[in-house]
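Inspection log for the structure reproduced underneath, given as structure tokens.
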């Protein structure tokens, strides 16, 4: 009804232009919104307020004129003017209950829309460095990204889900050295583990697997490994960055190119496959795992730099190549090729986004962690320099999730290996709780993840409360059969006007809001609003269930009530599916 009313008011605007009440070149930007208070009707518009000045009238007089133009419309029962000139609309009973028939006929498609017009959109998310297991911070990005992709698909976009694998950077070499040192220790060597190495137990597990596969083929003399290295940070005057870089160079020299690449690839594959398994078990799958290394191998990075050079957006200074990002609003210019000839991470970003554009994506969504805030301006600058519209890029910044157990904060340190993995979290609270709790809050807001609440089976747990509403409706239908009644949907649909109780009207109004919610949530990239809506819908149903007897002797009224219950259940199921949460039949 919201869309129909919007179209109706668009026609009123045309009539007002034709009758010269407002200028023909004036197109008022007005809204149609659902009211929060039933006393104010079902829908409201500010059309009179935004057009009154152009018409030379006060807003209330303008509202009267607009109301007269729509006085004989079947789906509007009544209008009134509120405040300075808002027009409130009370919908007819047939129009409000029509949503029940729509939900029951469309089933899983209920709420779906075509506002995306099948435009190609790429959602890149998680994209954690393949240097260790996914932890709880990555889990929030995974849940948000997967839910957003589902939401956009429901809203009519052609969605491509992508994981960008940072497999060409320095951290991968630190990982390689960390695995090799643990491998040497397993083969009897006494090693001095670098301060800047990866210390988690998963490194030892990979080293054990490597040792089984290659035996002692990669063993080197310990003295050769550690001789003539600079001091690490644990020695006064030492530098952990200089030390680890020297150790990387020594490892490459001792092993040789072929053996080093074998070791490098072994660690990459081991962690990447573990990530794929973790995410798939979490209900998060990708259409493509995109390798950063492939950008180097294909020449895409060099190509993007040359394209920028042709446009004169690259200059040389102190032996390095710089991109003129300040010309596009960035706070400083950015290095794309260091003085040693190595390309930067940002150069890879430029090439990757150029590739996204070349693949025809009209909307590019990068879901980054909050610590990547500085990347947004420079990436948009590079897109603009390449001739693209930077507004095509959307970068939600997902804040970190802080775990609490027993009211105490759970400590986290990724490099030291002292962290809770996504797998451990899923095993403790379950996939459903993880997926739901991660998207309960807006992505840009900090979130506290209460492990005890997520595991509780109480009304305080919003996920449990919603799932229980779905299961309760299934139980209601089982009780109907036990009472030797059949649900006659057609008869119930014909008797929907009997649903006049306050709780019934509240449920109908809430279900009616679902299709509009999908549109607004998709446009705003906010799947958390689905979670909030489902909590409200579940509350409306529980209140209804507790206030009224639903299994009645009167066939028409009973079947109408069960139509309402089934439409509620379908809406709950569809919303939960977007969030990647199951809808149980019993609990």
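Residue numbers (the numbering used here): 175 to 761.
A virtual CB, placed ideally from N, CA and C, is assigned to each residue, including glycine.
Remember, predicted model here, so these are calculated numbers, not experimental data.
Using the C-alpha atoms, what's the distance from residue 285 back to residue 687?
Going by the C-alpha atoms only, they are around 9 Å apart.
Buried or exposed for residue 530, going by 16 or more other Cβ atoms inside 10 Å?
Label assigned to residue 530: buried.
With a cut-off of 7 Å, does the C-beta of residue 450 fall near any C-beta of chain C?
Among the chains in the structure shown there is no chain C, since it carries only a single protein chain.
Let's test the definition: count the other Cβ atoms within 10 Å of the Cβ of residue 685 and tell me whether it reaches 16, buried, or not, exposed.
buried
Going by C-alpha distance, which of 630, 353, 502 is nearest residue 558?
502
To test your reading of the DSSP string, which unbroken alpha helix (DSSP H) runs of 4 or more residues are found completely within the stretch 659–698?
663–668, 676–686, 688–698
Endpoints, the alpha helix (DSSP H) within which residue 533 is located
Run containing residue 533: none; DSSP gives neither H nor E here.
With a cut-off of 8 Å, do at least 3 Cβ pairs link the stretch 258–274 to the stretch 298–310?
no
Along the alpha helix (DSSP H) that carries residue 463, what are the first and last residues, could you check?
Run containing residue 463: none in the alpha helix (DSSP H); it sits in the beta strand (DSSP E), 462–465.
Rounded to a whole number of angstroms, what is the C-alpha to C-alpha distance between residue 161 and residue 477?
Residue 161 falls outside the range modelled here, since the chain spans only 175 to 761, and no answer is possible.
Between residue 396 and residue 364, what straight-line distance do the alpha-carbon atoms span, to the nearest angstrom?
If you take the alpha carbons of residue 396 and residue 364, they lie about 7 Å apart.
Can you pull the DSSP bridge partners for residue 644?
Beta-bridge pairing links residue 644 to no other residue.
Beta-ladder partner(s) of residue 582, from DSSP:
579
Own chain, CB closer than 7 Å to residue 579, minus 5 neighbours either side, in chain order
625, 626
Are the CB atoms of residue 643 and residue 705 nearer to each other than 7 Å?
no
For the stretch 230–309, list the beta strand (DSSP E) runs that are entirely contained and at least 3 residues long, ordered along the chain.
250–256, 260–265, 294–298
Can you give, in chain order, each stretch of the alpha helix (DSSP H) that sits fully within the stretch 593–650 and has at least 4 residues?
596–603, 605–613, 625–629
Is there contact between the stretch 240–256 and the stretch 192–205, where contact requires at least three CB pairs shorter than 8 Å?
By the Cβ criterion, the stretch 240–256 is not in contact with the stretch 192–205, since fewer than three pairs of Cβ atoms, one from each stretch, lie closer than 8 Å.
Closest by CA to residue 506, which one among 215, 440, 585, 549?
549
In chain order, each beta strand (DSSP E) run of at least 3 residues that lies wholly inside the stretch 435–479
For the stretch 435–479, whole beta strand (DSSP E) runs of length 3 or above, ordered along the chain, are 462–465.
Please report the Cβ distance between residue 510 and residue 527, rounded to the nearest whole angstrom; I am assuming they are in contact, meaning their Cβ atoms lie under 8 Å.
Rounded, the Cβ-Cβ distance is 13 Å, inconsistent with contact.
Please report the straight-line C-alpha distance between residue 320 and residue 753, rounded to a whole angstrom.
8 Å
Taking its Cβ as the centre, do 16 or more other Cβ atoms sit within 10 Å of residue 761, making it buried, or is it exposed?
exposed
Residue 537 beta carbon less than 7 Å from that of residue 297
no
With 16 as the cutoff for other CB atoms within 10 Å, does residue 386 come out buried or exposed?
Answer is exposed; the Cβ neighbour count stays below 16.
For residue 566, list the residues DSSP reports as bridge partners.
Paired residues: none, contrary to the question.
From which residue to which residue does the beta strand (DSSP E) around residue 488 run?
488–491
Looking at C-alpha atoms only, which residue of 734, 186, 690, 709 is the closest neighbour of residue 613?
709
Residue 762 versus residue 419: straight-line alpha-carbon distance, rounded
Because the chain here runs from 175 to 761, residue 762 falls outside it and cannot be looked at.
With a threshold of 16 other CB atoms inside 10 Å of the CB of residue 181, please say whether the residue is buried or exposed.
exposed
DSSP three-state call for residue 653: helix, strand or coil?
helix
Are there 16 or more other CB atoms within 10 angstroms of the CB of residue 279, so buried, or fewer, so exposed?
Classified as exposed, residue 279 has fewer than 16 neighbouring CB atoms from the shown chains inside 10 Å of its CB.
Give me the Cβ distance between residue 351 and residue 371, rounded to the nearest whole Å; I'm assuming they're in contact under 8 Å.
7 Å
Start and end of the beta strand (DSSP E) containing residue 356?
Per DSSP, residue 356 belongs to no beta strand (DSSP E); it is in the alpha helix (DSSP H), 344–360.
Cα-Cα separation, residue 590 to residue 369:
Note that residue 590 scores a pLDDT of 46, beneath 50, so its modelled location is shaky; the value from the coordinates is reported in the next line. Taking the straight line from one Cα to the other gives about 9 Å.
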